[in-house]
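> Let me begin by handing over the structure; questions about it come next.
Protein chains: 2
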Amino acid sequence: MSGPQSDIEALIGLMARLPGLGPRSARRAVLHLLRKRSLLMAPLADAMARAARDTRNCGICGNLTSGDFCAICQDPARSDREICVVEDVADLWAMEAAGIFRGRYHVLGGRLSPLDGIGPEELRVPDLVRRVSTKGSDEVILALSTTVDGQSTAHYIADALTGTGVKTSTLAQGVPVGGELDYLDEGTISAALRARRSF
Amino acid sequence: MSGPQSDIEALIGLMARLPGLGPRSARRAVLHLLRKRSLLMAPLADAMARAARDTRNCGICGNLTSGDFCAICQDPARSDREICVVEDVADLWAMEAAGIFRGRYHVLGGRLSPLDGIGPEELRVPDLVRRVSTKGSDEVILALSTTVDGQSTAHYIADALTGTGVKTSTLAQGVPVGGELDYLDEGTISAALRARRSF
């Protein structure tokens, strides 16, 4: 048995499964925690246990929440007329950080991937169609990845929504704000050129 | 209130205080945990709470342990004749990973730093002197950083130990195994040259 105790080794092993941490940085993080047992480690364990226990997916949009429905779905100031479809809660957070969208969300929880057994049911596409019909939404914004999987998911959803008469749209593609052409890939430059606007 | 709930925000804030994680990677790590609430988040919270509660410093050497004394101090196969003085538990783990030292340790918990109020008492130097005297150790290996603070700490400890008659030593300085001269700093090359051995 070398150095750390088996309990601590187990903790390091769990920490190493976090994205961005490898075995070495997990070890360093655990050591840091063990040095600050009462000031950082105990509160962190507590916050983590509480979040693991209380967090669930919003019954309407799929966002993470501690209640039955998330704050966005419960916010009376937001409009049901626009629904933004995102793949993941991380994408929802990114959209919210931009602070410009005032509609509701629909979190798919992934992309269509028949090989992995992820079909329309898993992504709650029928739920989305039902929501759009009952709430009388005007527009569904498909804010999905611009990858092959993301785009085929977007096409599938647009098809599934045709019966409802709702307008579907996607985010604009182009040069990022503050981006330099020099560092951009050819695909983005081509897309930005095709979608050019009069100045 | 944007995206994540305040509970989740608090958790992200705590995670961001870990070394190697910034606000963005803490957010990503928390999201990953929230996706694996029962498989990863709850066990991690549990392991962390247990470690925060049960871990303490060994009453003899200062290593982290879940009992009163650490496994190394309790191991009858290890010798009291050699005591390796390290600054930190991380250094002890690194020494143990090398797997060659079979004596005991003394973890200082830092370096002498009068400006920060860290004196010999804080580093348990009197404890070390007492240990060396009562156990009749032959050699104290000062495995401290080769920084100014580390070296002045080593000198102070060597001075404090002169009365006991114990032999003091430090780790050799030189070219790391597998290291290329090209990438080494001048200080290390000078030290390696001064300490050169006949081939």
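Here the protein sequences come in this chain order: L and R.
Per the working numbering, the very first residue in the first sequence carries number 1187; after that it's consecutive.
Per the working numbering, the very first residue in the second sequence carries number 1187; after that it's consecutive.
Where is the CB? At the ideal position from N, CA and C, for every residue including glycine.
Keep in mind it's a predicted model, so treat the numbers as computed, not measured.
(1) Assign C1270 of chain R to one of three DSSP states: helix, strand, or coil.
(2) When the cut-off is 9 Å and only beta carbons count, does S1319 of chain L lie next to chain R?
(3) Say whether the segment 1322 to 1337 of chain R touches the segment 1264 to 1273 of chain R, bearing in mind that this needs 3 or more beta-carbon pairs closer than 8 Å, one atom from each stretch.
(4) Taking only three categories from DSSP, how would you classify K1222 of chain R?
(5) Residues bridged to Y1291 of chain L by DSSP?
(6) Would V1216 of chain L count as contacting chain R if we go by Cβ distances under 9 Å?
(7) Over the uninterrupted alpha helix (DSSP H) stretch that includes V1318 of chain R, give me the two end residues.
(8) Could you compute how far the alpha carbon of A1271 of chain R sits from the alpha carbon of S1224 of chain L?
(9) Does any C-beta atom of chain L lie closer than 9 Å to the C-beta of I1194 of chain R?
(10) Decide if R1213 of chain L is buried, meaning its Cβ has at least 16 other Cβ atoms within 10 Å, or exposed.
(11) Are the segment 1196 to 1212 of chain L and the segment 1243 to 1255 of chain L touching by the rule of at least three beta carbon pairs closer than 8 Å?
(12) Could you give the residue range of the beta strand (DSSP E) that holds S1376 of chain L?
(13) Could one say the Cβ of G1206 of chain L lies closer than 9 Å to chain R's Cβ atoms, at least one of them?
(14) Check whether the segment 1232 to 1247 of chain R and the segment 1193 to 1202 of chain L are in contact - that is, three or more C-beta pairs closer than 8 Å.
(15) Would V1318 of chain L be called buried (16 or more neighbouring beta carbons within 10 Å of its own) or exposed?
(16) Would you report the Cα separation of I1327 of chain R and R1310 of chain R, rounded to the nearest angstrom?
(17) With a CB to CB cut of under 8 Å and the five nearest residues on each side skipped, what residues in its chain are close to P1306 of chain L?
(18) Strictly below 8 Å CB to CB, what residues from chain L border S1167 of chain R?
(19) Tell me, to the nearest whole angstrom, how far the beta carbon of L1278 of chain L is from that of V1293 of chain L; I am working on the premise that it is less than 8 Å.
(20) Under 9 Å, Cβ to Cβ, is there at least one residue of chain L near D1232 of chain R?
(21) Taking only beta-carbon positions, decide if T1241 of chain L is within less than 9 Å of chain R.
(22) Ends of the beta strand (DSSP E) at T1348 of chain R?
(23) Given a limit of 7 Å on CB to CB distance, which residues of the segment 1243 to 1275 of chain R reach chain L?
(24) Looking at A1377 of chain R: is its Cβ nearer than 9 Å to the Cβ of G1360 of chain R?
(25) Which term fits V1334 of chain R, buried or exposed, when burial requires 16 or more other beta carbons within 10 angstroms of its beta carbon?
(26) Could you work out which residues of chain L lie near A1238 of chain R, taking near to mean beta carbons separated by less than 7 Å?
(27) Tell whether a beta-carbon distance below 9 Å holds between A1329 of chain R and T1348 of chain R.
(28) Kindly list, in the order they appear in chain L, the residues whose Cβ is closer than 7 Å to that of A1329 of chain R.
(29) In the DSSP assignment, find the unbroken beta strand (DSSP E) run with E1325 of chain L in it and report its ends.
(30) Please check if any C-beta of chain R sits within less than 9 Å of the C-beta of L1200 of chain L.
(31) In whole angstroms, what is the alpha-carbon distance linking P1229 of chain R and A1358 of chain L?
(32) Would D1345 of chain R pass as an interface residue toward chain L - the criterion being a Cβ-Cβ separation below 9 Å?
(33) If the cut is a Cβ gap below 9 Å, which residues of chain R does L1174 of chain L touch?
Reading from the atomic positions:
(1) To locate residue 1270 of chain R, count along the second sequence from 1; it is residue 84. If DSSP states are grouped into helix, strand and coil, C1270 of chain R belongs with the strands.
(2) Position 133 of the first sequence holds residue 1319 of chain L. Judged by the 9 Å Cβ criterion, S1319 of chain L is not in contact with chain R.
(3) yes
(4) As a first step, residue 1222 of chain R must be located in the second sequence, where it is residue number 36. Looking at K1222 of chain R - three-state DSSP - the assignment turns out to be coil, as it is neither helix nor strand.
(5) Taking the first sequence and counting its residues from 1, the one referred to as residue 1291 of chain L is at position 105. Y1291 of chain L is bridged to L:C1270.
(6) In the first sequence, residue 1216 of chain L corresponds to position 30, counting from 1. Chain R, which has a Cβ nearer than 9 Å to the Cβ of V1216 of chain L, makes this yes.
(7) Within the second sequence, residue 1318 of chain R is the residue found at index 132, counting from 1. Counting along the chain, the alpha helix (DSSP H) containing V1318 of chain R begins and ends at 1311 to 1321.
(8) Against the second sequence, residue 1271 of chain R aligns to sequence position 85. Against the first sequence, residue 1224 of chain L aligns to sequence position 38. Here residue 1271 of chain R turns out to be Val, not Ala, going by the sequence shown. So the alpha carbons of these two residues sit roughly 26 Å apart.
(9) The sequence position of residue 1194 of chain R within the second sequence is 8, counting from 1. True, the Cβ-Cβ gap to chain L drops below 9 Å.
(10) In the first sequence, counting from the first residue as 1, residue 1213 of chain L sits at position 27. Per the 10 Å Cβ criterion, buried.
(11) no
(12) Counted from its first residue, the first sequence places residue 1376 of chain L at position 190. Careful: S1376 of chain L lies outside any beta strand (DSSP E), inside the alpha helix (DSSP H) at 1372 to 1380.
(13) Reading the first sequence from its first residue, position 20 is the one you call residue 1206 of chain L. For G1206 of chain L, the answer is yes, since a Cβ of chain R falls inside 9 Å of its Cβ.
(14) yes
(15) Taking the first sequence and counting its residues from 1, one reaches residue 1318 of chain L at position 132. V1318 of chain L should be labelled buried.
(16) Sequence index remark: in the second sequence, residue 1327 of chain R carries index 141 (1-based). Sequence index remark: in the second sequence, residue 1310 of chain R carries index 124 (1-based). Each residue's alpha carbon lies about 16 Å from the other.
(17) Locating residue 1306 of chain L in the first sequence gives position 120, where the first residue counts as 1. Here the set comprises L1298, P1312, Y1342, A1346.
(18) In the structure as shown, chain R starts at 1187 and stops at 1385, and residue 1167 of chain R therefore has no counterpart that could be examined.
(19) Position 92 of the first sequence, counted from the start, is the residue given in the question as residue 1278 of chain L. Position 107 of the first sequence, counted from the start, is the residue given in the question as residue 1293 of chain L. Confirmed, about 6 Å.
(20) As a working note, residue 1232 of chain R is residue 46 in the second sequence. Judged by the 9 Å Cβ criterion, D1232 of chain R is in contact with chain L.
(21) Numbered from 1 along the first sequence, position 55 holds the residue referred to as residue 1241 of chain L. Taking Cβ atoms only, chain R reaches closer than 9 Å to T1241 of chain L, which makes this a yes.
(22) Against the second sequence, residue 1348 of chain R aligns to sequence position 162. No beta strand (DSSP E) holds T1348 of chain R; DSSP gives it neither H nor E.
(23) L1250, T1251, S1252, A1257, V1275
(24) By one-based count along the second sequence, residue 1377 of chain R stands at place 191. By one-based count along the second sequence, residue 1360 of chain R stands at place 174. Yes, Cβ-Cβ distance for A1377 of chain R and G1360 of chain R is below 9 Å.
(25) Counted from its first residue, the second sequence places residue 1334 of chain R at position 148. So V1334 of chain R ends up on the exposed side.
(26) Stepping through the second sequence from its first residue, residue 1238 of chain R is reached at position 52. Neighbours of A1238 of chain R on chain L, chain order: R1223, M1227, A1228, A1231.
(27) Position 143 of the second sequence, counted from the first residue, corresponds to residue 1329 of chain R. Position 162 of the second sequence, counted from the first residue, corresponds to residue 1348 of chain R. No, the Cβ-Cβ distance between A1329 of chain R and T1348 of chain R is not below 9 Å.
(28) For the purposes of this step, residue 1329 of chain R is taken as the residue at position 143 of the second sequence. Within 7 Å Cβ-Cβ: nothing; A1329 of chain R doesn't reach chain L, min ~14 Å.
(29) The residue labelled residue 1325 of chain L in the question sits at position 139 within the first sequence. Taken as a continuous stretch (DSSP letters only), the beta strand (DSSP E) holding E1325 of chain L covers 1325 to 1328.
(30) For the purposes of this step, residue 1200 of chain L is taken as the residue at position 14 of the first sequence. With 9 Å as the cut-off, L1200 of chain L counts as an interface residue toward chain R.
(31) As a first step, residue 1229 of chain R is located in the second sequence; it is residue number 43 there, counting from the start. As a first step, residue 1358 of chain L is located in the first sequence; it is residue number 172 there, counting from the start. Near 42 Å, if we compare the C-alpha coordinates of A1358 of chain L and P1229 of chain R.
(32) For this step, residue 1345 of chain R is matched to residue 159 along the second sequence. Judged by the 9 Å Cβ criterion, D1345 of chain R is not in contact with chain L.
(33) Chain L is shown from 1187 up to 1385; residue 1174 of chain L falls before or after that span and cannot be answered.
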